[in-house]
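Residue numbers (the numbering used here): 131 to 462.
Right, one structure below, let's go through it.
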């Protein structure tokens with residue numbers, strides 16, 4: 131056990147040093163650059179991507195002479211398709227991989243804005259969501275961005291391949307149709323809040339924390355001060371109110387859902403989610419989009435923000451830190 135504590139102490143010191151170095155680097159980078167990085171829209175036609183994959187496979191599987199004939203036929207088909215492309219319905223695909231703070235929100239809002247400048251009523255928007263949820267206000271805004279599509283009279287489809295829980299499901303519930311992989315995790319219509327409290331620790335070391343507020347409930351629970359029963363009760367009341375808003379939001383967009391049955395904070399896998407009417411169809415996003423390519427033009431839309439060297443370093447450090455934490459947890 132002593133080895134464990136020594137190891138954790140060493141790990142804490144190492145992480146402190148790394149954090150100090152990162153702060154210094156970030157501060158230096160901030161002084162060098164004051165202009166915000168401007169993004170751009172990147173559009174990839176998924177039909178062409180599929181055609182390239184098919185061509186590469188055919189090239190490997192067929193004799194050279196036969197392959198040349200297939201290429202000529204493919205080129206003629208592509209020319210015919212380009213002539214009729216203006217009359218075909220279009221599908222626009224965006225991806226949202228959420229974290230606690232929904233940090234991809236700015237990319238999502240720009241992608242939706244770009245799509246709405248050209249989308250027609252016969253078109254469709256597919257959003258591929260992967261998120262376990264996070265901050266209420268951030269995911270509420272993300273859901274509102276998706277609602278803009280429906281307000282324009284354009285069909286919205288949410289595709290869940292791995293997980294869309296809590297705030298992730300809040301976003302998905304806006305869609306006209308939700309498709310999910312058989313073992314994707316869906317639901318978790320609930321609210322959670324937690325924070326550590328070190329008041330007793332500080333009290334033993336004769337450390338006082340002064341907290342001044344104006345307004346009875348300006349601060350309900352604190353990290354350093356002594357929490358009260360009235361503060362806990364008020365915090366619980368606020369959480370219950372957010373939960374009620376969450377259920378009301380889902381009920382507005384999916385009126386067939388039994389909110390008393392699913393609004394318990396539980397999550398379900400694909401087929402179980404269908405049984406509870408949380409989703410509409412068992413289908414991976416790949417399957418859905420490949421089928422759409424048969425008679426529609428499918429475009430993947432991404433908002434690309436150029437990374438500065440310091441941002442690339444921060445991302446790499448964050449990834450490395452996450453992997454380190456995972457390995458430590460696996461050991462213990």
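Each residue gets a CB set at the ideal place from its N, CA and C atoms; glycine is no exception.
Computed from a prediction, not measured in an experiment: that's the story for all the values here.
Query: Assuming contact is defined by CB atoms lying nearer than 7 Å, are residue 317 and residue 398 in contact in what I supplied?; Result: yes
Query: Check whether the stretch 296 to 312 and the stretch 331 to 339 touch, using three or more Cβ-Cβ pairs below 8 Å as the test.; Result: no
Query: State the start and end residues of the unbroken beta strand (DSSP E) segment that holds residue 240.; Result: Taken as a continuous stretch (DSSP letters only), residue 240 belongs to no beta strand (DSSP E), being part of the alpha helix (DSSP H) at 235 to 246.
Query: Where residue 446 and residue 438 are concerned, what is the direct C-alpha to C-alpha distance, given to the nearest angstrom?; Result: 12 Å
Query: Tell me, please, which residues DSSP counts as bridged to residue 225.; Result: 258
Query: So, at 6 Å on beta carbons, what are the nonlocal neighbours of residue 224 in its own chain, with the 5 sequence-adjacent residues on each side left out?; Result: 241, 257 and 431
Query: Three-state secondary structure (DSSP) at residue 418?; Result: helix
Query: Going by alpha carbons, who is nearest to residue 400 out of 249, 290 and 219?; Result: 290
Query: Answer yes if the stretch 376 to 388 comes into contact with the stretch 353 to 366, meaning at least three C-beta pairs across the two stretches below 8 Å, and no otherwise.; Result: no
Query: Applying the 10 Å Cβ sphere with the 16-neighbour rule, what's the burial state of residue 230?; Result: exposed
Query: Among residues of its own chain, excluding the 5 on either side of residue 403, which ones have a beta-carbon nearer than 7 Å to its beta-carbon?; Result: 310, 316, 317 and 409
Query: If you run the structure through DSSP and keep just helix, strand and coil, what is residue 430?; Result: strand
Query: Roughly how many whole angstroms lie between the Cα atoms of residue 375 and residue 393?; Result: 11 Å
Query: How many Å lie between residue 385 and residue 222 at the Cα?; Result: 26 Å
Query: Quick one: what does DSSP say residue 302 is sitting in, helix, strand or coil?; Result: helix
Query: In this structure, does DSSP put residue 317 in helix, strand or coil?; Result: strand
Query: If we count the other Cβ atoms within 10 Å of its Cβ and call it buried at 16 or more, is residue 249 buried or exposed?; Result: buried
Query: Taking Cβ positions, are residue 220 and residue 425 nearer each other than 7 Å?; Result: no
Query: Roughly how far, in whole angstroms, is the beta-carbon of residue 305 from the beta-carbon of residue 288, given that I think they are within contact range, below 8 Å?; Result: 4 Å
Query: Hey, residue 279 and residue 255: beta-carbon distance below 7 Å or not?; Result: yes
Query: Report the rounded CA-to-CA distance for residue 300 versus residue 226, giving the unit in angstroms.; Result: 13 Å
Query: Is DSSP giving residue 202 helix, strand or coil here?; Result: helix
Query: Quick check: residue 171 and residue 429, are their CB atoms within less than 7 Å of each other?; Result: no
Query: Kindly indicate which residue of 323, 420 and 360 has the alpha-carbon position closest to the one of residue 264.; Result: 323
Query: Tell me the DSSP secondary structure of residue 347 in three-state form.; Result: coil
Query: Can you tell me whether residue 275 is buried or exposed? The criterion is at least 16 other CB atoms within 10 Å of its CB, across all chains shown.; Result: buried
Query: What does the alpha-carbon distance come out to for the pair residue 266 and residue 183?; Result: 41 Å
Query: Note down, in chain order, each residue of its chain lying with its Cβ closer than 6 Å to the Cβ of residue 273, except the 5 sequence neighbours on either side.; Result: 300, 301 and 304
Query: Taking the Cβ atom as the reference point for each residue, do residue 180 and residue 423 lie within a distance shorter than 7 Å?; Result: yes
Query: Using CA atoms only, rank isn't needed, just tell me which of 247, 235, 296 and 328 is closest to residue 282.; Result: 247
Query: Taking just the CA atoms, how far does residue 328 sit from residue 131?; Result: Reliability of the predicted coordinates at residue 131 is poor, the pLDDT of 48 falling under 50, and the value obtained from them is presented with this limitation in mind. Roughly 24 Å between the two C-alpha positions.
Query: Count the other CB atoms within 10 Å of the CB of residue 259; is the residue buried (16 or more) or exposed (fewer)?; Result: buried
Query: Out of 270, 252, 369 and 341, state which residue places its alpha-carbon closest to the alpha-carbon of residue 357.; Result: 341
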